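Asks:
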Amino acid sequence: MTARSDPFPALRDELQPRLPLWVKVVITLCCAIQAAFIIADLLGYPILRQAALIFGGFWSPVLWAGHGVFPGHILTIFVTYGFLHAGLLHLGMNMLSLVALARELNRLVGAGAMAAVYAVTQVAAALLFAVMTPDGGPMIGASGAIFGLAGALIGFAAVTGWRRRRPLGQLWRGVALMVVLNVALTVLMPSIAWEAHLGGTMAGLVMGAVLAVTRSPRFSAF
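Heads up: the sequence shown runs through residues 1 to 222, numbered per UniProt numbering.
1. Could you have a look at T214 and say whether DSSP puts it in helix, strand or coil?
2. Quick one: is W59 buried, meaning 16 or more other Cβ sit within 10 Å of its Cβ, or exposed?
3. Taking 8 Å as the cut-off, decide whether the C-beta atoms of Q34 and H85 are in contact.
4. First and last residue of the alpha helix (DSSP H) that includes S143?
5. Considering just the uninterrupted stretch of the alpha helix (DSSP H) at V69, what are its terminal residues?
6. Cβ of F129 within 8 Å of Cβ of G199?
7. Does DSSP put A209 in a helix, in a strand, or in coil?
8. Note down the Cα distance separating L101 from I146, rounded to an integer number of angstroms.
9. How do the segment 197-214 and the segment 63-80 stand: do at least 3 beta-carbon pairs fall below 8 Å, yes or no?
10. Going by DSSP, what residue range makes up the alpha helix (DSSP H) through T80?
11. For G148 versus G112, is the C-beta distance shorter than 8 Å?
12. Report yes if the C-beta distance between L53 and I140 is below 8 Å; otherwise report no.
13. Can you tell me which of L42, G72, A142 and W64 puts its alpha carbon nearest to the alpha carbon of H90?
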């Protein structure tokens, strides 16, 4: 039997959403850190997790005090908190959401712009958390930046759909789904930092709208 070759391999490969390298690095680091915590706990060294929360978690009082436990601590926590997670469920939910959103947003705006959205919304998420919860901490997880990607996708879709005069019913269903998801997570996990979700989403909406105005999507179909 002779297998038939695909007459359009290049086209199929081009249209297949891919994960940028930086997304794979983020996922690998988050998983590796969580694995290190689990191994340390099993070996009787829970201090590793505790130290990571102290030095790597986002603490609002550190921001308002203007200094931390080491030079530059006030800046590093904006980065490190996004790589720490409370457990396998927290990690799994975030990483699956990241993969789903990153594939679609990468198709629309590219890896570089998406990386900028991720970084900016992670900072914005922490800032709103600090404003709304000045005594809060430690706040950990990639959720703020992931909600930022979701917000960017919605903002991009809203502006693109409006400019092309397309019905936005599906878009609003997506917005409603995000609201329901956030409320559900808050109810199911009372310790969740919904303030960070809100901050990331708001910043993402703005950035997605700006991207839709300043550049055309790489594919004509949305």
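All C-beta atoms, glycine included, are put in the ideal place defined by N, C-alpha and C.
Being a predicted model, the structure only gives us computed values, none of them experimental.
Replies: The structure says:
1. Taking the sequence shown and counting its residues from 1, one reaches residue 214 at position 214. Three-state result, T214: helix.
2. As a first step, residue 59 must be located in the sequence shown, where it is residue number 59. So W59 ends up on the buried side.
3. Numbered from its first residue, the sequence shown carries residue 34 at position 34. Numbered from its first residue, the sequence shown carries residue 85 at position 85. Yes; because the gap between Cβ atoms is below 8 Å, this pair is in contact.
4. Walking along the sequence shown from the start, residue 143 turns up at place 143. Element bounds for S143: S143 to R163.
5. Reading the sequence shown from its first residue, position 69 is the one you call residue 69. No alpha helix (DSSP H) holds V69; DSSP gives it neither H nor E.
6. Residue 129 sits at position 129 when you count from the first residue of the sequence shown. Residue 199 sits at position 199 when you count from the first residue of the sequence shown. Result yes, Cβ atoms of F129 and G199 sit closer than 8 Å.
7. The residue labelled residue 209 in the question sits at position 209 within the sequence shown. Reduced to three states, the DSSP call for A209 is helix.
8. The residue labelled residue 101 in the question sits at position 101 within the sequence shown. The residue labelled residue 146 in the question sits at position 146 within the sequence shown. Roughly 8 Å between the two C-alpha positions.
9. With a cut-off of 8 Å, the segment 63-80 and the segment 197-214 do not count as touching, because too few Cβ pairs lie within range.
10. Position 80 of the sequence shown, counted from the first residue, corresponds to residue 80. Where T80 is concerned, the enclosing alpha helix (DSSP H) stretches over H73 to T80.
11. Against the sequence shown, residue 148 aligns to sequence position 148. Against the sequence shown, residue 112 aligns to sequence position 112. No; because the gap between Cβ atoms is not below 8 Å, this pair is not in contact.
12. Against the sequence shown, residue 53 aligns to sequence position 53. Against the sequence shown, residue 140 aligns to sequence position 140. Cβ atoms of L53 and I140: closer than 8 Å.
13. As a first step, residue 90 must be located in the sequence shown, where it is residue number 90. Of the listed residues, the one whose Cα sits closest to H90 is A142.
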